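Enquirer:
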Amino acid sequence: MIGSDKHISTRYLERALVDDLGDAERRLVDQHLATCQDCLQRHESLRFELKALTPHVMSLRPAAPRRSVWAIFGSRWLMPSLAASAALALILVVVHGPEDTLRAKGGEVAPSVLLHRARGSSVVALAANDKIAVGDRIRVSLSPLGSEVVHVLFRDDRGELELFFSGIAKDTPLPGSLEITAPCVPVTLWAWRGGDASLVEQIRAGVPALGQAVTRRLECE
Amino acid sequence: MAGVSSKEADEAYRRFAPLVWRRCRSILRSPAGADDCVQDVFMKLMRYGGSYLEAESKVAWLYRTADNSCFDWLRRNRARTVAMSEAELATLGSDHGGAVTRSDQRQWVMGFLHTLNDEMQRIAVHYWIDDMSQAEIAVEIGVSRQTVNARLGQIEQLAKTFSAQSRGGAE
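Sequence lines, in order, name chains A and B. This note's numbering applies: residue 7 is where the first sequence begins, and numbers increase by one. This note's numbering applies: residue 130 is where the second sequence begins, and numbers increase by one.
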């Protein structure tokens, strides 16, 4: 249960969240979470991610399988945080450019969004007018990173939405890449600070969350 | 083999399906593939899931079924699977001025999962997705810890070989 790095394995955190542990295991997990901030953050981030995924997953039953126009390269792995959940209410304004900035209302500069495009063996930073094509992989960086929850979603012009990252972004670039698969469909990136999960549903419904999220439009070549 | 009732399946779906979907997406790196596999897992639960009811850990039962479904999906969709090359992995890390993260390594390994045999696939998933220790993996799949250690070494070597071949084929 406790790995060589002295933290709870992901498997046990997941089981704890859905109440799949025996009494003794539950006590061990609770005791560890009471003293380990890292595991507590992972636990809370996982909880948030599952909550965000639930509407989509519930829609699969008994609906026919959906087909996405893209494949997300990688799982979002979340480095969540309890404290984070509390600190979620920063209002952001939209700034356009190669490096879009999440700016707090009070003027405090928050993490920037920087996109890299991997095409073949070349990796370049995406400028504002750069376009995407089938086979490209888009990497997302947020910097500098603090101890706040950040959400990154992609929504294509057909309405397909993918929660790319949700949680405390301790790594930059974020794990995984967005792979553009055929046919190429323009994509909009949405990123915001804070724990307002309702924005996921707003974006899913096509309601722009201007003023609360950074957006970045990626047109096809 | 008996399955579970509709009511039991509904309860299991509400409680566990998001977790199963997340796992499938981590393994397949494909939301569409995760959609397919989650439906497959709960169909199997309804048809053949009698042992689920007695399972000490429902999550473990569902994960084993999900892993099998994912491995089958990978075999069926081999041509669509695109692996991140070792060179690209290093490039992405250095490009941002940081070391390659464990998460990057996980994506890299999952990119060639379809090339591994069944035992190695299970070890890779437990190690990279579940973050389980070698001792836990040994118990889970019924081999020695030394075997797990050896297989992880082999997986790393295969990853390098596969990456080199992918890169060579792309050029």
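Glycine included, each C-beta is placed from N, C-alpha and C at the ideal position. Because the structure is a prediction, the values reported are computed rather than measured.
Would you please state the rounded distance, in angstroms, between the beta carbons of VAL156 of chain A and LEU169 of chain A? I believe it to be under 8 angstroms.
Expert: Mapped onto the first sequence, residue 156 of chain A falls at position 150. Mapped onto the first sequence, residue 169 of chain A falls at position 163. About 12 angstroms separates the two Cβ atoms, so there is no contact after all.
Enquirer: Using a C-beta cutoff of 7 angstroms, does GLU225 of chain A count as contacting chain B?
Expert: Within the first sequence, residue 225 of chain A is the residue found at index 219, counting from 1. Not one chain B Cβ lies under 7 angstroms of GLU225 of chain A.
Enquirer: Can you check whether the C-beta of ARG48 of chain A is within less than 7 angstroms of a C-beta belonging to chain B?
Expert: As a first step, residue 48 of chain A must be located in the first sequence, where it is residue number 42. For ARG48 of chain A, the answer is no, since every Cβ of chain B falls outside 7 angstroms of its Cβ.
Enquirer: Taking the beta strand (DSSP E) that SER221 of chain A falls in, what are its first and last residues?
Expert: What you label residue 221 of chain A is simply residue 215 of the first sequence in a count that begins at 1. Note that residue 221 of chain A is Thr in the sequence shown, not Ser. Where THR221 of chain A is concerned, the enclosing beta strand (DSSP E) stretches over 220–224.
Enquirer: Candidates A:ILE144, A:GLY165 and A:ARG67: which alpha carbon is nearest ARG210 of chain A's?
Expert: Mapped onto the first sequence, residue 210 of chain A falls at position 204. Looking at the Cα atoms, A:GLY165 is the closest of the given residues.
Enquirer: Assuming ARG144 of chain B and VAL24 of chain A form a contact by the criterion Cβ under 8 angstroms, report the distance between their Cβ atoms to the nearest whole angstrom.
Expert: Residue mapping note: residue 144 of chain B aligns to position 15 of the second sequence, counting from 1. Residue mapping note: residue 24 of chain A aligns to position 18 of the first sequence, counting from 1. About 6 angstroms separates the two Cβ atoms, so the contact holds.
Enquirer: When we look at the beta-carbon of PRO189 of chain A and count the other beta-carbons within 10 Å, is it buried (16 or more) or exposed?
Expert: Numbered from its first residue, the first sequence carries residue 189 of chain A at position 183. The residue is exposed, with fewer than 16 neighbouring Cβ atoms inside 10 Å.
Enquirer: Closer than 6 angstroms: is that where the CB of ASP139 of chain B sits relative to any heavy atom of the ligand ATP?
Expert: The ligand ATP is absent from the structure shown, which contains no ligand whatsoever.
Enquirer: Along the chain, where does the beta strand (DSSP E) containing THR244 of chain B start, and where does it finish?
Expert: Here the question's residue 244 of chain B lines up with position 115 in the second sequence. Where THR244 of chain B is concerned, there is no enclosing beta strand (DSSP E), given that its DSSP letter is neither H nor E.
Enquirer: MET261 of chain B: buried (16+ other C-beta within 10 angstroms of its C-beta) or exposed?
Expert: Working through the second sequence from its first residue, we reach residue 261 of chain B at position 132. Flag for MET261 of chain B reads buried.
Enquirer: Just how far apart, CA to CA, sit VAL133 of chain B and LYS173 of chain B?
Expert: Residue numbering aside, residue 133 of chain B sits at position 4 when the second sequence is read from its first letter. Residue numbering aside, residue 173 of chain B sits at position 44 when the second sequence is read from its first letter. The straight-line gap from Cα to Cα measures roughly 9 angstroms.
Enquirer: On the CB-based measure, 16 or more other CB atoms within 10 Å of its CB, does GLN283 of chain B come out buried or exposed?
Expert: Along the second sequence, one-based indexing puts residue 283 of chain B at 154. Per the 10 Å Cβ criterion, exposed.
Enquirer: With 7 angstroms as the threshold, decide whether the Cβ of ASP196 of chain B is near any Cβ in chain A.
Expert: In the second sequence, counting from the first residue as 1, residue 196 of chain B sits at position 67. No, its Cβ sits nowhere closer than 7 angstroms to a Cβ of chain A.
Enquirer: So is MET64 of chain A buried or exposed if we call it buried at 16+ other beta carbons inside 10 Å?
Expert: For the purposes of this step, residue 64 of chain A is taken as residue 58 along the first sequence, with counting starting at 1. Result: exposed.
Enquirer: Using the beta-carbon of each residue, which ones in chain B are nearer than 8 angstroms to GLY212 of chain A?
Expert: Numbered from its first residue, the first sequence carries residue 212 of chain A at position 206. By Cβ distance, chain B contributes nothing, its closest Cβ being about 19 angstroms from GLY212 of chain A, past 8 angstroms.
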